[in-house]
């Protein structure tokens with residue numbers, strides 16, 4: 001679910017929650033927030049104020065939030081000021097380019113996202129009693145997983161045709177961001193950096209290899225390929241935001257060399273075609289499994305330890321309670337995807 005979708009569904013969630021409780025439409029909530037050096041109860045805070053604050057942060061400015069919410073900018077500023085007064089702490093830092101949350105503001109945002117997640121799980125569990133007839137699941141994935149995603153996604157949609165599947169494709173850093181900020185329920189990522197906000201449900205070692213055509217000179221080498229040997233050939237690499245490129249940067253730093261790419265692109269399909277046409281690229285073998293089986297490409301091991309240790313991970317935000325649909329999709333991904341097999 002995207003942040004825009006979270007905001008859009010907030011009104012729905014409030015209506016549903018009001019229907020389940022005796023509270024009025026001006027529903028108020030109470031929670032705890034660490035301010036100064038002590039924990040103390042917050043005063044009752046209206047949902048609307050937190051929503052206005054949330055949108056100002058998400059969109060980067062009070063004016064943009066006002067346009068999205070169809071209210072005057074002064075109304076947004078007033079609600080945020082009242083929220084700050086009730087909490088006894090500033091929540092926004094204002095800059096020329098817009099606004100960003102303070103440390104206390106980050107706490108409020110984390111609370112708000114968590115509450116929306118809990119409301120989503122409540123509605124989802126009620127729907128599950130009826131047989132998973134509605135809802136949505138958002139998966140964010142690195143591009144290397146796409147080909148092996150087709151089977152589990154097709155199987156899921158056949159079993160649960162009324163659950164909408166949303167798949168976002170991006171680099172490793174963006175996968176982590178979308179999962180941490182609850183824009184996606186689950187993520188597929190290659191060799192992510194350690195993040196205390198992330199929970200890894202499954203992982204599998206997937207070494208990075210030199211990918212070439214079967215008749216490439218490197219394919220005749222008897223043992224693992226040295227990284228320095230790539231200097232003599234045309235090399236295509238993914239963008240720096242991709243996990244593979246970050247692994248390469250680590251190896252370059254340790255070995256004191258630099259691999260200059262002939263081509264840099266953000267699509268693995270182009271990298272594979274580049275290798276088929278006589279070039280060289282670096283990919284884990286699960287990305288080129290079909291091409292290797294068909295005899296169109298070869299995967300050659302690299303001689304540095306950093307290339308043998310990367311792992312694929314199936315992740316969610318730590319502490320997030322996943323919906324029934326997201327849990328069932330996760331199970332199918334682990335059953336069907338070669339990226340999580342030995």
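In the UniProt record's numbering, the protein residues as written are 1 to 342. Think of the CB as a built atom: it goes at the ideal place given N, C-alpha and C, for glycine as much as any other residue.
According to DSSP, residues forming a beta bridge with residue 299: Position 299 of the chain shown, counting from 1, holds the residue named residue 299. Bridge partners of residue 299 according to DSSP: 211.
Span separating the alpha-carbon of residue 118 from that of residue 137: The count along the chain shown starts at 1 and reaches residue 118 at position 118. The count along the chain shown starts at 1 and reaches residue 137 at position 137. Our two residues, residue 118 and residue 137, have alpha carbons roughly 15 Å apart in a direct line.
Rounded C-alpha distance that separates residue 337 from residue 150: Indexing the chain shown from 1 puts residue 337 at position 337. Indexing the chain shown from 1 puts residue 150 at position 150. Each residue's Cα considered, the two are about 9 Å apart.
Reference residue 279, options 211, 173 and 285, closest by Cα: Counting from one through the chain shown, the residue named residue 279 turns up at place 279. For residue 279, the nearest C-alpha among the options comes from 211.
Residues bridged to residue 205 [DSSP beta-bridge criterion]: Here the question's residue 205 lines up with position 205 in the chain shown. 311, per the DSSP bridge assignment.
Option nearest residue 311 by Cα separation, candidates 221, 172, 178 and 323: Sequence index remark: in the chain shown, residue 311 carries index 311 (1-based). Per the Cα distances, 172.
Residue range of the alpha helix (DSSP H) that includes residue 190: Walking along the chain shown from the start, residue 190 turns up at place 190. Where residue 190 is concerned, there is no enclosing alpha helix (DSSP H), although the beta strand (DSSP E) it sits in stretches over 186 to 190.
Environment of residue 318 [buried if 16+ CB atoms lie within 10 Å]: Within the chain shown, numbered from 1, the residue matching residue 318 stands at position 318. Counting Cβ neighbours within 10 Å, residue 318 comes out exposed, since fewer than 16 surround it.
As assigned by DSSP and simplified to three states, the class of residue 163: Residue numbering aside, residue 163 sits at position 163 when the chain shown is read from its first letter. It is coil, neither helix nor strand.
Alpha-carbon spacing of residue 266 relative to residue 251, whole angstroms: Here residue 266 is taken as the residue at index 266 of the chain shown, counted from 1. Here residue 251 is taken as the residue at index 251 of the chain shown, counted from 1. A straight-line Cα-Cα distance of about 21 Å links residue 266 and residue 251.
Cβ-Cβ distance between residue 208 and residue 307 below 9 Å: Here residue 208 refers to the residue found at position 208 of the chain shown. Here residue 307 refers to the residue found at position 307 of the chain shown. A distance below 9 Å separates the beta carbons of residue 208 and residue 307.
Inter-residue spacing [alpha-carbon to alpha-carbon] between residue 63 and residue 165: Within the chain shown, the letter at position 63 stands for residue 63. Within the chain shown, the letter at position 165 stands for residue 165. For residue 63 and residue 165, the distance between alpha carbons rounds to 32 Å.
Run of the beta strand (DSSP E) containing residue 94, from where it starts to where it stops: Position 94 of the chain shown holds residue 94. 92 to 95 is the extent of the beta strand (DSSP E) around residue 94.
The segment 50 to 67 contacting the segment 92 to 99, beta-carbon criterion three pairs below 8 Å: Yes, since at least three Cβ pairs between the segment 50 to 67 and the segment 92 to 99 fall closer than 8 Å, the two stretches touch.
Sequence-distant residues of its chain with Cβ nearer than 8 Å to residue 303 (five each side left out): Taking the chain shown and counting its residues from 1, the one referred to as residue 303 is at position 303. Excluding positions up to five away in sequence, the list reads 223, 224, 225, 226 and 227.
Any 3 or more C-beta pairs closer than 8 Å across the segment 140 to 150 and the segment 185 to 194: Touching, yes, given that three or more Cβ pairs across the two stretches are closer than 8 Å.
Straight-line gap, residue 301 to residue 276 (C-alpha atoms, nearest Å): In the chain shown, the residue the question calls residue 301 occupies position 301. In the chain shown, the residue the question calls residue 276 occupies position 276. Spanning the two alpha carbons is a distance of roughly 18 Å.
CB of residue 87 within 9 Å of CB of residue 66, strictly: Within the chain shown, residue 87 is the residue found at index 87, counting from 1. Within the chain shown, residue 66 is the residue found at index 66, counting from 1. Not a contact, by the Cβ cut-off of 9 Å.
Start and end residues, beta strand (DSSP E) containing residue 284: On the chain shown, residue 284 is found 284 positions in, with the first residue counted as 1. Element bounds for residue 284: 280 to 284.
Nearest-angstrom Cβ-Cβ length linking residue 339 and residue 206, presumed shorter than 8 Å: Looking up residue 339 in the chain shown gives position 339. Looking up residue 206 in the chain shown gives position 206. A Cβ-Cβ distance of about 6 Å is found for the pair residue 339 and residue 206, placing them in contact under the 8 Å criterion.
Chain-order list of residues whose beta-carbon lies under 6 Å from that of residue 320 (same chain, five-residue window excluded): The residue labelled residue 320 in the question sits at position 320 within the chain shown. Result list for residue 320: 117, in chain order.
Those residues which DSSP pairs with residue 75 across a bridge: In the chain shown, counting from the first residue as 1, residue 75 sits at position 75. Residue 75 pairs with nothing; no bridge assigned.
Close beta carbons around residue 334, own chain, < 6 Å, minus the five adjacent residues each side: Here residue 334 refers to the residue found at position 334 when the chain shown is read from its first residue. Excluding the 5 residues flanking it on each side, residue 334 has same chain C-beta neighbours closer than 6 Å at 202 and 340, in chain order.
Three-state secondary structure assigned by DSSP to residue 168: For this step, residue 168 is matched to residue 168 along the chain shown. Reduced to three states, the DSSP call for residue 168 is strand.
Beta-carbon proximity check, residue 255 vs residue 184, cutoff 9 Å: As a position in the chain shown, residue 255 is number 255, starting the count at 1. As a position in the chain shown, residue 184 is number 184, starting the count at 1. Residue 255 places its beta carbon 9 Å or farther from that of residue 184.
Burial state of residue 343 (16 or more Cβ within 10 Å): The structure shown does not extend to residue 343, since the chain spans only 1 to 342, so no value can be given for it.
Alpha-carbon spacing of residue 57 relative to residue 229, whole angstroms: Taking the first residue of the chain shown as position 1, residue 57 is located at position 57. Taking the first residue of the chain shown as position 1, residue 229 is located at position 229. Approximately 48 Å between the Cα atoms of the pair.
Contact test: residue 260 Cβ vs the ligand COA heavy atom, cutoff 8 Å: Absent from the structure shown: the ligand COA. Ligands present: none.
Per-residue burial, residue 235 [other beta carbons within 10 Å of its own, 16 or more giving buried]: Residue 235 sits at position 235 when you count from the first residue of the chain shown. So residue 235 counts as buried.
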